[in-house]
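Visitor: The structure's right below; bear with me while I get my questions together.
Protein chains: 2
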Amino acid sequence: MDYALIWGATGGIGRAVLAGVRAAGLHPLAIARDPLPLEAEGYDAYAADVTRPHDVAAAALWAAQQSGGAVALWVYAVGAMSNGPLADTSTEALSAAIDVNLIGAHRAVHHSLPLIPAGGHLIFLGAYPDRIALPKLGAYAAGKAALDSYITVLAKELRDRTVTNLRLSAVDTPLWQRAPFRLPRGARQPHEVADTVLRVYRERTRGVVEA
Amino acid sequence: MDYALIWGATGGIGRAVLAGVRAAGLHPLAIARDPLPLEAEGYDAYAADVTRPHDVAAAALWAAQQSGGAVALWVYAVGAMSNGPLADTSTEALSAAIDVNLIGAHRAVHHSLPLIPAGGHLIFLGAYPDRIALPKLGAYAAGKAALDSYITVLAKELRDRTVTNLRLSAVDTPLWQRAPFRLPRGARQPHEVADTVLRVYRERTRGVVEA
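The listed protein sequences correspond, in order, to chains A and B.
Position one of the first sequence corresponds to residue 7 (the working numbering), numbered consecutively onward.
Position one of the second sequence corresponds to residue 7 (the working numbering), numbered consecutively onward.
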């Protein structure tokens, strides 16, 4: 059975991806800050916060043991919204937004790569940098823009894996409770994003996918 | 006389901007990690590293005293190149690249804003995120992409100042000694960038300027 490693599995999208992956016949391994609700639903889950280096290293070791070191699908669904004008944003708050949206992703990549054999697939849930560069979203926009460029470079460097940057429009998740404006009409549902993740995985679509 | 505050004044571009600003009749205030060569040329200069919070706060106080609290032109010319594939880049190295290219900019903005009255002009020397997302440039590309989005949001939020994002192509500076490939043919000279900075300032051009 193919293993899928999902980072950020209790977020609105991560949870849907987890369910979609299981329904598709993959064996999901869930990493989340609070894995208890996932374990209650029968998922193999591990507690980790991507901003904590030791957590990420330990989570990768756990995933190695669970999967026997062969993860076919790796998904980064961690993200955090911010809300406030940059003039009122401390450097600490800006750093924290970068830490979860970019540095955490790199930490997870760094520790996971040995588990992803050639042919494995890494999918990042990103955003359209130009669309989210909006008032009161500065820290979030900077972090997601950094991640977007990071993914582009990683895709060019990791020639033997498939790397996909799934640029999402608005998705109806609890993240929006922290946004400076209401969820736009026509926002996608998390299960639709999960369907896109699985389609991208089946079709081995690399590069930027607009969703 | 109008004051111009230049952050990163000993870099290849910063140095040229400093000279251009003085030639144009503005009174430049230079902030640099090593201000001694600038002082030897008669510039008012102050030692600060933008990655050190105390340095930035002290530099802003110095600029306040020098300028009487009225900076007409503010230029952020700090930047650092990185070189290496992401798989070999530690999270510390990635964080350091973000710290100098993004967080340092925010720190400088944060402490400088009280010195920039309504109508003042902030010019950032940025890059084209899409063009620099190249192998071995991951940390640099992520930092500059974050800065690019940061500037876009700042420009929308600071309605009473002019904010310009000067997206530079390759410029012939010592920064390129650390790049993973040679300086492209047709690269611009620092004095040309300084001319563009002054033109943008005179014409009060806001938003993205491709240079």
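A virtual CB, placed ideally from N, CA and C, is assigned to each residue, including glycine.
Model, not experiment: these values are computed from the prediction.
Going along chain A, which residues have a C-beta under 7 Å from B:ARG113?
Guide: Locating residue 113 of chain B in the second sequence gives position 107, where the first residue counts as 1. The answer, in chain order, is THR97.
Visitor: Could you tell me the distance, in whole angstroms, from the CA atom of B:ARG64 to the CA atom of B:ILE37?
Guide: Here residue 64 of chain B is taken as the residue at index 58 of the second sequence, counted from 1. Here residue 37 of chain B is taken as the residue at index 31 of the second sequence, counted from 1. Checking the sequence, you will find Ala at residue 64 of chain B rather than Arg. One C-alpha to the other measures close to 11 Å.
Visitor: For chain B, check one thing: does any of its Cβ atoms lie closer than 8 Å to the Cβ of A:HIS127?
Guide: Locating residue 127 of chain A in the first sequence gives position 121, counting from the first residue. Output row for A:HIS127: interface = no.
Visitor: Sort A:TYR9, A:THR16, A:VAL23, A:MET7 by Cα distance to A:LEU172 and report the nearest one.
Guide: As a working mapping, residue 172 of chain A is identified with position 166 in the first sequence. Among A:TYR9, A:THR16, A:VAL23, A:MET7, the Cα nearest to that of A:LEU172 belongs to A:VAL23.
Visitor: Got a sec: is the Cβ-Cβ distance from A:GLU163 to anything in chain B below 8 Å?
Guide: The count along the first sequence starts at 1 and reaches residue 163 of chain A at position 157. Chain B, which has a Cβ nearer than 8 Å to the Cβ of A:GLU163, makes this yes.
Visitor: For B:HIS60 and chain A, any beta-carbon pair shorter than 8 Å?
Guide: Your numbering for residue 60 of chain B matches position 54 in the second sequence. With 8 Å as the cut-off, B:HIS60 does not count as an interface residue toward chain A.
Visitor: At what residues does the alpha helix (DSSP H) containing A:ILE19 begin and finish?
Guide: As a first step, residue 19 of chain A is located in the first sequence; it is residue number 13 there, counting from the start. Note, A:ILE19: alpha helix (DSSP H), 18-29.
Visitor: Does the separation of the CB atoms of B:VAL84 and B:GLY110 fall below 8 Å?
Guide: Mapped onto the second sequence, residue 84 of chain B falls at position 78. Mapped onto the second sequence, residue 110 of chain B falls at position 104. Cβ atoms of B:VAL84 and B:GLY110: closer than 8 Å.
Visitor: Compare the beta carbon distance of A:ALA30 and A:LEU204 with 8 Å and say whether it is the shorter of the two.
Guide: In the first sequence, residue 30 of chain A corresponds to position 24, counting from 1. In the first sequence, residue 204 of chain A corresponds to position 198, counting from 1. Contact: yes.
Visitor: Measuring CA to CA, which of A:LEU32, A:GLY18, A:PRO141, A:GLU45 is closest to A:ARG208?
Guide: By 1-based counting over the first sequence, the position of residue 208 of chain A is 202. Of the listed residues, the one whose Cα sits closest to A:ARG208 is A:LEU32.
Visitor: Output, in chain order, the set of chain B residues within a Cβ distance shorter than 7 Å of A:THR158.
Guide: Position 152 of the first sequence holds residue 158 of chain A. ALA139, listed in chain order.
Visitor: Determine the contact status of A:VAL169 and A:ALA193, defining contact as a CB-CB distance below 8 Å.
Guide: Taking the first residue of the first sequence as position 1, residue 169 of chain A is located at position 163. Taking the first residue of the first sequence as position 1, residue 193 of chain A is located at position 187. No, they are not a contact pair.
Visitor: Identify, in the order they occur along the chain, each residue of the same chain with its Cβ nearer than 7 Å to the Cβ of A:ARG28, setting aside the five sequence neighbours on each side.
Guide: Here residue 28 of chain A refers to the residue found at position 22 when the first sequence is read from its first residue. Once the five neighbours on either side are set aside, the close Cβ partners of A:ARG28 are PRO34.
Visitor: Would you identify the three-state DSSP class for A:THR211, choosing helix, strand or coil?
Guide: Locating residue 211 of chain A in the first sequence gives position 205, counting from the first residue. Coil at A:THR211, not helix or strand.
Visitor: Just verifying my parser: in three-state terms, what is the DSSP assignment at B:LEU32?
Guide: Working through the second sequence from its first residue, we reach residue 32 of chain B at position 26. Reduced to three states, the DSSP call for B:LEU32 is coil.
Visitor: Could you tell me the distance, in whole angstroms, from the CA atom of B:VAL214 to the CA atom of B:TYR156?
Guide: Taking the second sequence and counting its residues from 1, the one referred to as residue 214 of chain B is at position 208. Taking the second sequence and counting its residues from 1, the one referred to as residue 156 of chain B is at position 150. Those two C-alpha atoms are separated by around 12 Å.
Visitor: Straight-line CA distance for A:ALA100 to B:ALA139?
Guide: Along the first sequence, read from residue 1 onward, the residue named residue 100 of chain A stands at position 94. Along the second sequence, read from residue 1 onward, the residue named residue 139 of chain B stands at position 133. Note that residue 100 of chain A is Leu in the sequence shown here, rather than Ala. Rounded to the nearest angstrom, the two C-alpha atoms are 22 Å apart.
Visitor: Short of 7 Å Cβ to Cβ, which residues in the region 171-196 of chain A face chain B?
Guide: So nothing in the stretch comes that close.
Visitor: If you follow the alpha helix (DSSP H) that A:ASP154 is in, where does it begin and where does it stop?
Guide: Here the question's residue 154 of chain A lines up with position 148 in the first sequence. Its alpha helix (DSSP H) spans residues 144-163.
Visitor: At least one CB of chain A closer than 8 Å to the CB of B:SER88: is that the case?
Guide: Taking the first residue of the second sequence as 1, we reach residue 88 of chain B at position 82. No, B:SER88 does not count as interfacial toward chain A.
Visitor: Is A:GLN155 close to chain B? Criterion is C-beta to C-beta, closer than 8 Å.
Guide: For the purposes of this step, residue 155 of chain A is identified with residue 149 of the first sequence, where counting begins at 1. Correcting the residue identity first, residue 155 of chain A is Ser in this sequence and not Gln. For A:SER155, the answer is yes, since a Cβ of chain B falls inside 8 Å of its Cβ.
Visitor: Can you grab the Cα-Cα spacing for the pair A:LEU160 / B:GLY144, in whole Å?
Guide: Position 154 of the first sequence, counted from the start, is the residue given in the question as residue 160 of chain A. Position 138 of the second sequence, counted from the start, is the residue given in the question as residue 144 of chain B. Answer to the nearest angstrom: the Cα atoms are 7 Å apart.
Visitor: Let's test the definition: count the other Cβ atoms within 10 Å of the Cβ of B:GLU163 and tell me whether it reaches 16, buried, or not, exposed.
Guide: Start at 1 with the first residue of the second sequence, and residue 163 of chain B comes out as number 157. That one is buried.
Visitor: If we ignore side chains and look at the alpha-carbon of each, how far apart do A:PRO41 and B:PRO135 end up?
Guide: Locating residue 41 of chain A in the first sequence gives position 35, where the first residue counts as 1. Locating residue 135 of chain B in the second sequence gives position 129, where the first residue counts as 1. When rounded, the distance between both Cα atoms is 36 Å.
Visitor: Determine, using beta carbons only, whether A:LEU92 comes closer than 8 Å to chain B.
Guide: Indexing the first sequence from 1 puts residue 92 of chain A at position 86. Yes - at least one Cβ of chain B is within 8 Å of the one on A:LEU92.
Visitor: Return the chain-ordered list of same chain residues with a C-beta closer than 8 Å to the C-beta of B:ASP166, the five sequence neighbours on each side being excluded.
Guide: One-based indexing of the second sequence puts residue 166 of chain B at position 160. For B:ASP166, where only same-chain residues beyond five positions count, the Cβ hits under 8 Å are ALA124, GLY125.
Visitor: What is the DSSP secondary structure of A:LEU44, reduced to helix, strand or coil?
Guide: On the first sequence, position 38 is the one that residue 44 of chain A refers to. Three-state result, A:LEU44: helix.
Visitor: Please classify A:ASP50: does DSSP put it in a helix, a strand, or coil?
Guide: Your numbering for residue 50 of chain A matches position 44 in the first sequence. In the structure shown, A:ASP50 sits in a strand (DSSP, three-state: E or B).
Visitor: In chain E, which residues lie with their C-beta within 8 Å of the C-beta of A:PRO135?
Guide: Protein chains A and B are contained in the structure displayed, whereas chain E is not.
Visitor: Is DSSP giving B:ARG113 helix, strand or coil here?
Guide: On the second sequence, position 107 is the one that residue 113 of chain B refers to. Three-state DSSP puts B:ARG113 in a helix.
Visitor: In terms of alpha-carbon separation, which member of A:GLN183, A:LEU121, A:TRP13, A:LYS142 lies closest to A:SER73?
Guide: What you label residue 73 of chain A is simply residue 67 of the first sequence in a count that begins at 1. Comparing Cα positions, the closest option is A:LEU121.
Visitor: Would the beta-carbon of A:TRP80 fall within 8 Å of that of A:SER118?
Guide: Taking the first sequence and counting its residues from 1, the one referred to as residue 80 of chain A is at position 74. Taking the first sequence and counting its residues from 1, the one referred to as residue 118 of chain A is at position 112. Yes, these two residues count as a Cβ contact at 8 Å.
Visitor: Mapping DSSP to helix, strand and coil, what is B:ASN89?
Guide: Numbered from its first residue, the second sequence carries residue 89 of chain B at position 83. B:ASN89 falls in the coil class under three-state DSSP.
Visitor: Mind checking whether A:TRP13 and A:ALA114 have CB atoms under 8 Å apart?
Guide: Reading the first sequence from its first residue, position 7 is the one you call residue 13 of chain A. Reading the first sequence from its first residue, position 108 is the one you call residue 114 of chain A. Yes, Cβ-Cβ distance for A:TRP13 and A:ALA114 is below 8 Å.
Visitor: Terminal residues of the continuous beta strand (DSSP E) containing B:THR170?
Guide: The count along the second sequence starts at 1 and reaches residue 170 of chain B at position 164. 168-174 is the extent of the beta strand (DSSP E) around B:THR170.
Visitor: Around the Cβ of B:ARG21, are there at least 16 other Cβ atoms within 10 angstroms (buried) or fewer (exposed)?
Guide: Taking the first residue of the second sequence as position 1, residue 21 of chain B is located at position 15. By the neighbour-count rule (16 or more Cβ atoms within 10 Å), B:ARG21 is buried.
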